[in-house]
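Written below as structure tokens is the structure these notes are about.
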Amino acid sequence: MFGQLSERIARFIGTGSFLVYMTIVIIVWVLWNVPIGPDRARFDEYPFIFLTLMLSLQASYAAPLILLAQNRQEARDRVNLDQDREANARAHADMDYLAREVASLRMAIGEVATRDYLRSELRALLGDLEGRRTDGSGSGEARADTAGA
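Residues in the sequence shown are numbered from 6 upward in steps of one, following my numbering.
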């Protein structure tokens with residue numbers, strides 16, 4: 006809870022609105038306490054020691070609050086970095102696995118007969134079969150003729 010509150014304060018201190026508010030407060034403070042303002046209402050005459058004390062007090066609280074907010078942000082960043090590193094390691098392992106799979110597929114494809122190779126082999130076998138059939142059917146008919154005579 007304190008960490009969240011300190012982050013909100015640190016975020017507000019780092020805005021332009023805070024600078025505008027602080028500028029307005031300081032201008033009003035100085036104008037109120039210079040001799041132009043009413044005599045009885047002045048509470049911090051020149052050299053504005055009380056204003057200096059208030060600004061020093063504000064700065065002494067602002068610096069540790071800002072550092073606390075930075076430390077909390079650094080812790081969140083470290084967690085995010087660890088998660089990113091784990092995700093990158095998983096992605097790298099997946100890529101390595103896929104690269105090995107692609108390499109094994111390439112090797113397997115190299116061993117598989119291609120369509121053109123199969124066609125040429127089938128044509129050669131078909132040619133051999135037709136050659137045997139023509140050789141065999143011619144001699145087969147001659148055998149049948151000699152057997153019938």
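Positions of the beta carbon are idealized from the N, C-alpha and C atoms, including for glycine.
For Arg-77, the uninterrupted alpha helix (DSSP H) run begins and ends at 54–116, by DSSP. Counting the other Cβ atoms within 10 Å of the Cβ of Ser-11 gives 16 or more, which makes it buried. C-alpha of Ala-15 to C-alpha of Glu-91: approximately 31 Å in a straight line. When rounded, the separation of the alpha-carbon atoms in Met-100 and Ser-109 is 14 Å. DSSP, reduced to helix, strand and coil, places Gly-19 outside both helices and strands of the structure shown, so it counts as coil. In this structure, Gly-8 keeps its C-beta atom at 8 Å or more from the C-beta atom of Leu-86. Contact between Asn-38 and Phe-53 holds, with the beta-carbon distance rounding to 7 Å and staying under 8 Å. When DSSP states are grouped into helix, strand and coil, Arg-47 belongs to the coil group. Linking Ala-104 to Ala-94 through their CA atoms gives a straight-line distance of about 15 Å.
In this structure, the CA atom of Glu-50 is about 28 Å from the CA atom of Ala-68. Within the same chain, and ignoring the five residues on either side of Ile-29 in sequence, no residue has its Cβ closer than 6 Å to its Cβ. In this structure, Trp-34 sits near Leu-56, with a CB-CB distance shorter than 8 Å. One Cα belongs to Ala-98, the other to Ala-113, and the distance between them is close to 22 Å.
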